[in-house]
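First comes the structure, then the notes that go with it.
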Amino acid sequence: MTSLWLTRIAPDPRSREARRDLGDAVGLHRRLMSLFPDDLGPDPRRRLGLLHRVDDARGGPAILLQSAHQPDLTKLPDGYGRSAIRSLDPLLGLLCGGLQIHYRCTASAVRKPGATTRSRYQLPEVVALHGPDAEEWWQRQADAAGLKLLSLLSQPLDAATGTRSGQKDRQRIRHSRTRFDGVAVIVDPDQLRTKLTAGIGRGKAYGCGLLTLAPQRTPADV
């Protein structure tokens with residue numbers, strides 16, 4: 012079973028670097044990648060199993076970083092913010108069929124119309140989904156992840172944006188985002204572990220696709 016680490020970074024609003032990263036999806040991706048070794052091949056994010064998102068917390072934004080390798084948090088700039096790391100292996104070991112869990116996933120819900128449909132209706136190659144269409148998309152993703160949804164609350168978020176520099180030009184990045192929360196029952200633990208590690212949907216480098224879980228507490232647990 013692949014080991015996973017979950018790192019929580021609470022950026023300090025006094026840090027100029029932290030404020031800049033929170034407003035730049037490309038910059039935040041580079042920052043998080045800098046916490047790991049270089050020279051990891053042509054697709055280092057995938058090799059690291061790196062997924063992240065920014066959540067709203069009581070004390071302000073919180074960056075959640077999931078990875079298959081433990082990050083070196085000493086590489087964060089001085090004063091960047093508070094950070095903590097824990098292994099997700101105990102949680103992965105608890106996942107079993109029939110277990111009820113709370114889930115959260117910020118994802119880029121999209122569809123790709125066929126060439127004929129795009130031409131007829133002058134649609135882009137990728138169409139962002141919202142509202143009930145986004146919820147239907149999440150239902151399909153949850154099924155593929157081995158989950159049976161019991162409840163679902165969706166909330167549209169600001170798009171993840173930034174500018175990526177290539178060898179010849181600069182490319183503007185934009186991924187629509189919706190946050191999905193609710194309760195589900197695990198149907199297939201192996202499928203679920205695979206999706207937890209790989210992420211869901213598009214824009215994984217830019218704050219989309221990280222699925223987090225917490226076992227639902229019962230009255231006996233309180």
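First residue of the sequence shown? That's 12 in our numbering, and the numbers climb one at a time after it.
Ideal Cβ placement from N, Cα and C applies to all residues, glycine included.
As the structure is a computational prediction, the values presented were derived from the model and not from experiment.
### Message
Give me the DSSP bridge partner(s) of V121.
### Response
Checking the DSSP bridge columns, you'll see V121 partnered with A139.
### Message
Output needed for L39: all residues of its chain with C-beta closer than 6 Å, excluding positions within five of it in sequence on either side, in chain order.
### Response
For L39, the CB contacts under 6 Å within the same chain, skipping 5 residues up- and downstream, are D32 in chain order.
### Query
Excluding sequence positions up to five away, which residues of its chain have a Cβ less than 7 Å from the Cβ of G92?
So the list reads I20, A21, P22, D23, S26, A29, once near-sequence residues are dropped.
### Message
Across the region 142-157 and the region 200-212, are there enough close Cβ pairs to call them in contact, namely three or more that are closer than 8 Å?
### Response
The count of Cβ pairs closer than 8 Å, one atom from the region 142-157 and one from the region 200-212, reaches three, so the stretches are in contact.
### Query
Can the beta-carbon of G220 be found less than 8 Å from the beta-carbon of L62?
A distance below 8 Å separates the beta carbons of G220 and L62.
### Message
If you reduce the DSSP assignment to three classes, tell me which class H80 lands in.
### Response
DSSP places H80 in coil when its eight states are reduced to three.
### Message
Given this structure, state the Cα-to-Cα distance separating L105 from V65, to the nearest angstrom.
### Response
So the alpha carbons of these two residues sit roughly 26 Å apart.
### Alpha carbon of K215 to alpha carbon of L76, nearest angstrom
Taken atom to atom, the span from the alpha-carbon of K215 to that of L76 is near 11 Å.
### Query
Considering only the beta carbon of each residue, do R188 and L207 sit closer than 8 Å?
Result no, Cβ atoms of R188 and L207 do not sit closer than 8 Å.
### Task
Taking all protein chains shown into account, decide if T117 is buried (16 or more other Cβ within 10 angstroms of its Cβ) or exposed.
The residue in question, T117, is buried, as its Cβ has 16 or more Cβ neighbours within 10 Å.
### Query
Run through DSSP, which three-state label would G71 get?
Here DSSP, grouped into helix, strand and coil, assigns G71 to strand.
### Message
Tell me the rounded alpha-carbon separation between D154 and D89.
### Response
In this structure, the CA atom of D154 is about 43 Å from the CA atom of D89.
### Message
What does the alpha-carbon distance come out to for the pair Q166 and P143?
### Response
Their Cα atoms are separated by approximately 11 Å.
### Query
Comparing alpha-carbon positions, which option in I184, A79, R58, C107 lies nearest T172?
Comparing C-alpha distances from T172 to each of I184, A79, R58, C107 shows the shortest one belongs to I184.
### Task
Verify whether the separation of the beta carbon atoms of L99 and L15 is less than 8 Å.
Yes; because the gap between Cβ atoms is below 8 Å, this pair is in contact.
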